[in-house]
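S.K.: In case it helps, mature numbering (1 follows the signal peptide of the UniProt record, and there is no 0) puts the sequence shown at residues -20 to -1, 1 to 136.
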Amino acid sequence: MTPAVTRLLFLQLVLGPTLVMDIKTQIGKKKFYALNIDYPRVIFPKGFQGYCNGLMSYMRGKVQNSDCPKIHYVIHAPWKVIKRFCKYSDNFCDNYNEYCTLTEDSFPITVCSLSYQQPPTSCYYDSILTNQKLYLLCSRKYEADPIGIIGLYSGV
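What follows is the structure, given as structure tokens:
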């Protein structure tokens, strides 16, 4: 085998998994930003019948899925403010197989919940605007990016 081929095989074996993990992290970060950060808050036309209906219509198109998610959280704060909470994520959440953290601050959040009074052929959402702390999933232990929202902190 030539030295060039040997080096190429070595790089594929050693760096291949790293590159795949980095791509997965980048996709997770971009998806989180696109689907969970709305700052400043968008105003949808009246035809969408409310904020959550417009947003969830956009979201289902973005992920190319026609299913109606039961609940979705949207943060109305700048990305750099949210991102800093994953900088030192020490907790590993076994249920999600990811690192996670609780934000120290409360943020304005819209909770989009699938309405029980919806027609069977469409997704209709109720929206609640609240100000709470979040449980975030992080892309790794330290110097990480948010990649998901587990839920809201309901403690005192």
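Virtual Cβ for every residue (Gly too), placed ideally from N, Cα, C.
Buried or exposed: where does Ala124 fall if 16 or more other Cβ atoms within 10 Å of its Cβ makes it buried?
M.R.: Within the sequence shown, the letter at position 144 stands for residue 124. The residue in question, Ala124, is buried, as its Cβ has 16 or more Cβ neighbours within 10 Å.
S.K.: Would the beta-carbon of Ser69 fall within 8 Å of that of Lys121?
M.R.: Numbered from its first residue, the sequence shown carries residue 69 at position 89. Numbered from its first residue, the sequence shown carries residue 121 at position 141. A contact, by the Cβ cut-off of 8 Å.
S.K.: Spatial neighbours of Phe87 within its chain, please: C-beta separation below 6 Å, excluding the five flanking residues on both sides.
M.R.: The sequence position of residue 87 within the sequence shown is 107, counting from 1. Result list for Phe87: Ile55 and Ala57, in chain order.
S.K.: Tyr76 to Gly27, Cα distance in whole Å?
M.R.: Residue 76 sits at position 96 when you count from the first residue of the sequence shown. Residue 27 sits at position 47 when you count from the first residue of the sequence shown. Spanning the two alpha carbons is a distance of roughly 37 Å.
S.K.: Helix, strand or coil: which one does DSSP assign to Thr90?
M.R.: For the purposes of this step, residue 90 is identified with residue 110 of the sequence shown, where counting begins at 1. In the structure shown, Thr90 sits in a strand (DSSP, three-state: E or B).
S.K.: Which runs of the beta strand (DSSP E) at least 3 residues long sit entirely within the stretch 54 to 134? Give them in chain order.
M.R.: Counting only runs of 3 or more, we get 71 to 73, 78 to 82, 87 to 94, 105 to 112, 114 to 118 and 126 to 132.
S.K.: Is Ile17 helix, strand or coil when you go by DSSP?
M.R.: By one-based count along the sequence shown, residue 17 stands at place 37. Strand, per DSSP.
S.K.: So, at 6 Å on beta carbons, what are the nonlocal neighbours of Phe(-11) in its own chain, with the 5 sequence-adjacent residues on each side left out?
M.R.: Within the sequence shown, the letter at position 10 stands for residue -11. At Phe(-11) the pLDDT is 47, less than 50, meaning the model places this residue with poor confidence and gives no usable figure here.
S.K.: Looking only at its chain, what residues have a beta carbon closer than 7 Å to the beta carbon of Phe12, apart from the 5 residues adjacent to it on each side?
M.R.: For this step, residue 12 is matched to residue 32 along the sequence shown. Closer than 7 Å at the Cβ level, and outside the excluded window around Phe12, lie Pro126, Ile127 and Gly128.
S.K.: On the three-state DSSP scale, how would you describe Ile23?
M.R.: Taking the first residue of the sequence shown as position 1, residue 23 is located at position 43. The answer is coil: DSSP assigns Ile23 none of H, G, I, E or B.
S.K.: Where does Leu(-8) fall in DSSP's three states?
M.R.: Residue -8 sits at position 13 when you count from the first residue of the sequence shown. Confidence at Leu(-8) is low in this model, with a pLDDT of 48, below 50, so the placement of that residue is unreliable and no value is reported for it.
S.K.: Please state whether the Cβ-Cβ distance between Cys66 and Thr81 is less than 8 Å.
M.R.: Here residue 66 refers to the residue found at position 86 when the sequence shown is read from its first residue. Here residue 81 refers to the residue found at position 101 when the sequence shown is read from its first residue. In contact: Cys66 and Thr81 (Cβ atoms closer than 8 Å).
S.K.: Could you please give the first and the last residue of the uninterrupted alpha helix (DSSP H) stretch that includes Ser46?
M.R.: Along the sequence shown, read from residue 1 onward, the residue named residue 46 stands at position 66. No alpha helix (DSSP H) contains Ser46, which DSSP labels as neither H nor E.
S.K.: Could you name the residues that DSSP lists as bridge partners for Gln51?
M.R.: Numbered from 1 along the sequence shown, position 71 holds the residue referred to as residue 51. Checking the displayed sequence, the identity of residue 51 turns out to be Ile instead of Gln. The partner list for Ile51 (beta bridge, DSSP) reads Ser93.
S.K.: Would you mind giving the Cβ-Cβ distance between Ile130 and Leu117, rounded to the nearest angstrom? I have them listed as a contact below 8 Å.
M.R.: In the sequence shown, residue 130 corresponds to position 150, counting from 1. In the sequence shown, residue 117 corresponds to position 137, counting from 1. That belief holds up - the Cβ atoms of Ile130 and Leu117 are roughly 6 Å apart, short of 8 Å.
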